[in-house]
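Trainee: Each residue of the sequence shown is one higher than the one before, counting from 1 in my numbering.
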Amino acid sequence: MTTLFGTADLAIGMRESASRVRLFDGPLDLSWHHCATTSDFIADLFALRFLSSRNDHREVRHSIGYLVNELIENAVKFRAPGEITIEAAIESESFKVKVSNVVDGETTVEFQNLLSEITVGDPSELLIQRIEANAADPETTRSGLGLLTLMSDYGASLAWIFSPADERDLVCVETYASIPIKQIHN
Numbered sequence: 001m002t003t004l005f006g007t008a009d010l011a012i013g014m015r016e017s018a019s020r021v022r023l024f025d026g027p028l029d030l031s032w033h034h035c036a037t038t039s040d041f042i043a044d045l046f047a048l049r050f051l052s053s054r055n056d057h058r059e060v061r062h063s064i065g066y067l068v069n070e071l072i073e074n075a076v077k078f079r080a081p082g083e084i085t086i087e088a089a090i091e092s093e094s095f096k097v098k099v100s101n102v103v104d105g106e107t108t109v110e111f112q113n114l115l116s117e118i119t120v121g122d123p124s125e126l127l128i129q130r131i132e133a134n135a136a137d138p139e140t141t142r143s144g145l146g147l148l149t150l151m152s153d154y155g156a157s158l159a160w161i162f163s164p165a166d167e168r169d170l171v172c173v174e175t176y177a178s179i180p181i182k183q184i185h186n
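If you want it as structure tokens, here you go:
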């Protein structure tokens with residue numbers, strides 16, 4: 001069964017012109033290194049069109065890099081063995097990215113429970129509540145702070161599609177995100 005969380009319109013798919021990067025399975029420490037390297041590469045690539053304005057370039061590069069890094073880190077942290085695929089494109093006045101990976105059944109349930117909590121209500125209010133909850137209980141993990149920060153501070157629209165991957169209790173997770181970017185002024 002396929003399950004959707006978040007903004008349904010966002011999960012329609014990526015255009016044919018999306019750039020794709022694959023991170024192949026390997027030791028976790030190598031994958032962590034790949035998060036920053038890959039997000040920096042994607043941010044540099046898509047911010048190139050903003051080089052005419054130093055401030056726009058810096059802002060767009062930072063926003064894309066932060067978004068992509070957060071999504072790749074989540075995919076690496078919670079994945080089952082297998083590759084991670086990143087697809088990215090700039091469409092109109094937004095940057096769109098899709099990160100795909102597989103997770104086990106237990107992780108799926110935990111993640112869906114988290115999403116059912118953080119995808120309803122005002123992201124700014126939820127972010128403050130989560131920060132306060134984490135301060136009260138430093139042992140808290142999987143709080144959704146990164147995702148709430150994307151929604152609250154970066155204006156990100158997010159969606160997740162969960163679908164069966166195979167008979168071994170693995171689930172394919174596709175994470176879709178879109179952030180507004182400045183229109184190029186020439």
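The beta carbon of each residue, even a glycine, is placed where N, CA and C say it ideally should be.
Would SER39 pass as a contact of ILE72 if the rule is Cβ separation under 7 Å?
Mentor: The answer is yes: Cβ separation under 7 Å.
Trainee: Can the beta-carbon of VAL109 be found less than 7 Å from the beta-carbon of ALA80?
Mentor: No.
Trainee: Checking 7 Å against the spacing of the C-beta atoms, do LEU23 and HIS33 come in under that value?
Mentor: Contact: no.
Trainee: When you compare the CB positions of ALA156 and ILE179, do they come within less than 7 Å of one another, or not?
Mentor: Yes, the Cβ-Cβ distance between ALA156 and ILE179 is below 7 Å.
Trainee: Decide if the region 112-126 is in contact with the region 144-151; the criterion is three or more beta carbon pairs, one per stretch, under 8 Å apart.
Mentor: Yes, the region 112-126 is in contact with the region 144-151.
Trainee: Would you kindly work out how many angstroms separate the C-alpha atoms of SER17 and ALA88, rounded to a whole number?
Mentor: Between SER17 and ALA88, the C-alpha separation is close to 9 Å.
Trainee: If you scan the region 44-100 from start to end, which runs of the alpha helix (DSSP H) of 4 or more residues do you find wholly inside it?
Mentor: Within the region 44-100, the complete alpha helix (DSSP H) runs of at least 4 residues are 54-78.
Trainee: Using a C-beta cutoff of 7 Å, does ILE131 count as contacting chain D?
Mentor: Annotation note: the requested chain D is absent from the structure, which comprises a single protein chain.
Trainee: Identify the residues that DSSP records as bridge partners of GLY6: which are they?
Mentor: Beta-bridge pairing links GLY6 to ALA159.
Trainee: Just tell me which of TYR176, ILE42 and LYS182 has its CA closest to the CA of ASP239.
Mentor: What the structure shows of the chain is the stretch from 1 to 186, and residue 239 is not part of that stretch, so it cannot be assessed.
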